[in-house]
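Trainee:
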Amino acid sequence: MAPDVQAPIISQANGCHISFEIYGARNTHLVVYDRDLAVAVLFGVRHDASVMPLHQLDLLDVPGAALFGALVADEDPVAKYGEIRAQMERRNKPTEDEKLTGVEGTVWYVEEPSGRVTLWKCKPESVEAIHWALGINKKAVIATCWNLLETSDDLSYDTLLPMLAEEYELRDMEAFRPHIEECIREVQHEFEFKERVLDEYAKLGISIHVDKAGVMRALSQFFARNEMKKVYALIITSR
Numbered sequence: 001m002a003p004d005v006q007a008p009i010i011s012q013a014n015g016c017h018i019s020f021e022i023y024g025a026r027n028t029h030l031v032v033y034d035r036d037l038a039v040a041v042l043f044g045v046r047h048d049a050s051v052m053p054l055h056q057l058d059l060l061d062v063p064g065a066a067l068f069g070a071l072v073a074d075e076d077p078v079a080k081y082g083e084i085r086a087q088m089e090r091r092n093k094p095t096e097d098e099k100l101t102g103v104e105g106t107v108w109y110v111e112e113p114s115g116r117v118t119l120w121k122c123k124p125e126s127v128e129a130i131h132w133a134l135g136i137n138k139k140a141v142i143a144t145c146w147n148l149l150e151t152s153d154d155l156s157y158d159t160l161l162p163m164l165a166e167e168y169e170l171r172d173m174e175a176f177r178p179h180i181e182e183c184i185r186e187v188q189h190e191f192e193f194k195e196r197v198l199d200e201y202a203k204l205g206i207s208i209h210v211d212k213a214g215v216m217r218a219l220s221q222f223f224a225r226n227e228m229k230k231v232y233a234l235i236i237t238s239r
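The sequence shown begins at 1 in our numbering and counts up by one.
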């Protein structure tokens, strides 16, 4: 059946509205597809605007978006986010007409303890680079975030806006707000990690310049092995 016939049937079966993705060579935006045109169910939306993820829907044999991976409770979400981005990036190849073959991105369906589901985009670096080239520069936004943190502990879109307004138009900032907020989350995570490193280092009461091995061994109790190079660099550049 065609999507316009399928939609009301699936909607009735699940008691909610249904969001579809139409993709293919006839609907090319950024990624070039082999298929001419196809459709996939993404998620449902209840009457109270809450989201029903794909695995909760009865698809009635209609194709759904492919599951790229799952995050379990004891995994580090930031590390997993980076891992999935890297996997997608390895599959992406540029084409002669400045498009890509591969994967445009994924969407995380995060279920909160209350049962509420929120959606978070996760795009590979090559896709983000194209998006950013069309507007505000990501490197400049991240630098502005760090500049703000030098004089304030309140880093948010609203507090960053006046500083960005010195270089960019309001309409451009609003158009790229999701990317700006992603930068804010990235910088906040890095800032919190840095504060935790320096706090644990200060508690030791030992200079890294006097006993590097002892300091790093002590700090290894609090940080993962793959974080230790970063821990060392933060201490050296901050002292």
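Yeah, the Cβ is synthetic: ideal placement off N, Cα and C, and Gly gets one too.
So, Ile-9 versus Leu-60, is the Cβ gap smaller than 8 Å?
Mentor: If you number the sequence shown from 1, residue 9 lands on position 9. If you number the sequence shown from 1, residue 60 lands on position 60. Taking 8 Å as the Cβ cut-off, Ile-9 and Leu-60 qualify as a contacting pair.
Trainee: Assign Ser-220 to one of three DSSP states: helix, strand, or coil.
Mentor: Position 220 of the sequence shown, counted from the start, is the residue given in the question as residue 220. In this structure, Ser-220 counts as coil in the three-state DSSP scheme.
Trainee: Given Gly-15, which residues of its chain have a CB within under 8 Å of its CB, disregarding the five upstream and five downstream residues?
Mentor: The residue labelled residue 15 in the question sits at position 15 within the sequence shown. The residues are Arg-46.
Trainee: With 16 other CB atoms within 10 Å as the buried threshold, where does Leu-119 fall?
Mentor: Taking the first residue of the sequence shown as 1, we reach residue 119 at position 119. Leu-119 is exposed by the Cβ-count criterion.
Trainee: Per DSSP, Trp-108 forms a beta bridge with which residues?
Mentor: Along the sequence shown, read from residue 1 onward, the residue named residue 108 stands at position 108. According to DSSP, which records beta bridges pairwise, Trp-108 is partnered with Trp-120.
Trainee: Please report the straight-line C-alpha distance between Thr-144 and Val-187, rounded to a whole angstrom.
Mentor: Position 144 of the sequence shown, counting from 1, holds the residue named residue 144. Position 187 of the sequence shown, counting from 1, holds the residue named residue 187. About 10 Å.
Trainee: Look at His-179 and Lys-138 and say whether their C-beta atoms are less than 8 Å apart.
Mentor: Walking along the sequence shown from the start, residue 179 turns up at place 179. Walking along the sequence shown from the start, residue 138 turns up at place 138. The answer is yes: Cβ separation under 8 Å.
Trainee: Go ahead and pull the three-state DSSP assignment for Pro-53.
Mentor: On the sequence shown, residue 53 is found 53 positions in, with the first residue counted as 1. Residue state, collapsed to three classes: coil.
Trainee: From the DSSP output, in three-state form, read off Tyr-33 for me.
Mentor: Locating residue 33 in the sequence shown gives position 33, counting from the first residue. Correct three-state label for Tyr-33: coil.
Trainee: Out of Gly-102, Trp-146 and Ala-140, state which residue places its alpha-carbon closest to the alpha-carbon of Val-127.
Mentor: Position 127 of the sequence shown, counted from the start, is the residue given in the question as residue 127. It is Gly-102 whose Cα lies nearest to the Cα of Val-127.
Trainee: Which runs of the alpha helix (DSSP H) spanning at least 4 residues fall entirely within the segment 50 to 96, listed in chain order?
Mentor: Qualifying alpha helix (DSSP H) stretches, in chain order: 77 to 91.
Trainee: Assign Phe-193 to one of three DSSP states: helix, strand, or coil.
Mentor: Within the sequence shown, residue 193 is the residue found at index 193, counting from 1. Correct three-state label for Phe-193: helix.
Trainee: Which residues bound the beta strand (DSSP E) around Tyr-157?
Mentor: Within the sequence shown, residue 157 is the residue found at index 157, counting from 1. Segment 157 to 164 is the alpha helix (DSSP H) holding Tyr-157; no beta strand (DSSP E) there.
Trainee: Suppose contacts are defined by Cβ-Cβ distances below 8 Å. Is Gly-64 in contact with Val-41 by that definition?
Mentor: As a working note, residue 64 is residue 64 in the sequence shown. As a working note, residue 41 is residue 41 in the sequence shown. Contact: yes.
Trainee: Give the single residue among Ser-238, Lys-99, Val-51 and Leu-155 whose Cα lies nearest to the Cα of Ser-245.
Mentor: Outside the displayed range of the chain (1 to 239) lies residue 245, so it cannot be described from this structure.
Trainee: Using beta-carbon positions only, say whether Ile-208 and Cys-183 come within less than 8 Å of one another.
Mentor: Counting from one through the sequence shown, the residue named residue 208 turns up at place 208. Counting from one through the sequence shown, the residue named residue 183 turns up at place 183. In this structure, Cys-183 does not lie closer than 8 Å to Ile-208 by Cβ.
Trainee: Between which two residues does the alpha helix (DSSP H) carrying Tyr-232 extend?
Mentor: Along the sequence shown, one-based indexing puts residue 232 at 232. Its alpha helix (DSSP H) spans residues 228 to 238.
Trainee: Relative to the C-alpha of Lys-123, which candidate in Lys-230, Trp-108, Tyr-201 and Leu-37 has its C-alpha closest?
Mentor: In the sequence shown, the residue the question calls residue 123 occupies position 123. It is Trp-108.
Trainee: From the DSSP output, which residues share a beta bridge with Ile-206?
Mentor: Locating residue 206 in the sequence shown gives position 206, counting from the first residue. DSSP lists no partner for Ile-206.
Trainee: Arg-116 to Ile-18, Cα distance in whole Å?
Mentor: In the sequence shown, residue 116 corresponds to position 116, counting from 1. In the sequence shown, residue 18 corresponds to position 18, counting from 1. The alpha-carbon atoms of Arg-116 and Ile-18 are separated by roughly 17 Å.
Trainee: What are the residues that DSSP puts in a beta bridge with Tyr-168?
Mentor: Locating residue 168 in the sequence shown gives position 168, where the first residue counts as 1. For Tyr-168, which the question treats as bridged, DSSP gives no partner whatsoever.
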